[in-house]
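Take a look at the structure below.
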């Protein structure tokens, strides 16, 4: 009886079934891909990844079975990345000094594949929502799923994807053979 | 021939090293903090409800011309509020820098203290409220009417 209270908290929320292993790790791939698209450094990437995991855990009770768990995970991941990016931008504006030159963003060589690094660099130059849309498209999500995750209309997704692909082609023009 | 972005994407992620997830630091500690923060918010809300309920009860019972009941009710809730406010202050002192296990353990100890304290108080405040309500009715300006309403007309045995 001595540890009954602790056990209730532990078994319901923490230790008995490892939420991270069961519900987040199977989708770590897409979380990693999304977080990479919104960050320029390894430290930021790890922060974003951790925050996404925490938010998935926090909002697990709001999950409605109308959509797949994976869709729910994508949606939270995207929202967290967009929120953190906004926060970082605001912080940068707030602390920006007039005397410091605007340093170029640190380039990440996150992957061994050079073409993939270049593709990520190009994706990072897209608008915030476009980054999410193209990543989901590349993950072979249907237009309807992309619309559900990004909270937009499925009819616009096709047009949007084509426009983004065109932009990426221009950005990568001649860089990749 | 230039590769399409779809091909680059697929080829890049064929390498299993590309998708190694980073180590999640301190997730359990942060989860524990989240649980306890949620509990604290609820506890604070309950304390506010007790304070508001006590004041409104006092005003309402005075308006119903049952001042003794109102005062008893108010004093009881004030004592519950003060004791639990102290308990909450103690909870705020739990060190967040502890490991997740120690943090939960401290929380668990606090919870046991709090439950035993409230259980001991309940032995006094329920009878006190009952006594206050009975005396309030008995000594109220409409005493006989309310007494009759609750317990029936006085009999000749009285």
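Chains as they are written, first to last, in the numbering used here: chain A, 68 to 244; chain B, 38 to 195.
C-beta: ideal position from N, C-alpha, C; glycine also.
- The alpha helix (DSSP H) runs of length 4 or more contained entirely in the segment 43-128 of chain B are, from start to end of the chain, 64-100.
- A distance below 8 Å between beta-carbons, with the five flanking residues on each side excluded, links residue 143/A to the following residues of its chain, in chain order: 119, 122, 123, 126.
- In this structure, residue 138/B sits away from residue 131/B, with a CB-CB distance that is not shorter than 8 Å.
- Inter-residue distance for residue 111/B and residue 145/B is about 30 Å (C-alpha atoms, whole angstroms).
- For residue 217/A, the three-state secondary structure derived from DSSP is helix.
- Under the criterion of beta carbons closer than 8 Å, residue 84/B and residue 121/B qualify as touching, at roughly 6 Å.
- DSSP, read as helix, strand or coil, puts residue 194/A in coil.
- When C-alpha distances from residue 92/B are compared across 172/B, 133/B, 81/B, 106/B, the shortest belongs to 106/B.
- Residue state for residue 206/A is assigned as coil, using DSSP reduced to three classes.
- Residue-level contact by beta carbon fails for residue 104/A and chain B, as no gap is shorter than 8 Å.
- For the segment 40-62 of chain B, the set of positions with a beta-carbon nearer than 7 Å to some beta-carbon of chain A reads 40, 42, 43, 45, 46, 48, 49, 52, 54, 55, 56, 58, 59, 61, 62 in chain order.
- Listed by position along chain B, the residues whose Cβ is nearer than 9 Å to that of residue 179/A are 49, 52, 54, 55.
- Using a Cβ distance threshold of 8 Å, residue 202/A and residue 101/A count as a contacting pair.
- For residue 226/A, the closest C-alpha among the options 146/A, 112/A, 204/A is that of 204/A.
- Relative to residue 78/B, the option among 125/B, 143/B, 102/B whose CA is nearest is 125/B.
- Within chain B, the C-beta atoms nearer than 7 Å to that of residue 113/A come from 59, in chain order.
- Residue 177/B is classed as buried because its beta carbon has at least 16 other beta carbons within 10 Å across all chains shown.
- At least 8 Å separates the beta-carbon of residue 182/A from that of residue 238/A.
- The shortest CA-to-CA distance from residue 106/A to any of 86/A, 206/A, 96/A, 151/A is the one to 151/A.
- Looking at the backbone, the Cα of residue 101/B and that of residue 129/B are separated by about 40 Å.
- DSSP places residue 104/A inside the alpha helix (DSSP H), whose first and last residues are 95-105.
- Look at residue 125/A: its C-beta is under 8 Å from a C-beta on chain B.
- When the beta-carbon positions are compared, residue 90/A and residue 103/A stay at least 8 Å from each other.
- Distances from the CA of residue 73/B to each of 170/B, 142/B, 46/B, 158/B were compared; the closest alpha carbon is that of 142/B.
- For residue 213/A, the closest of 145/A, 95/A, 109/A by C-alpha to C-alpha distance is 145/A.
- The alpha-carbon of residue 57/B is positioned some 17 Å away from that of residue 206/A.
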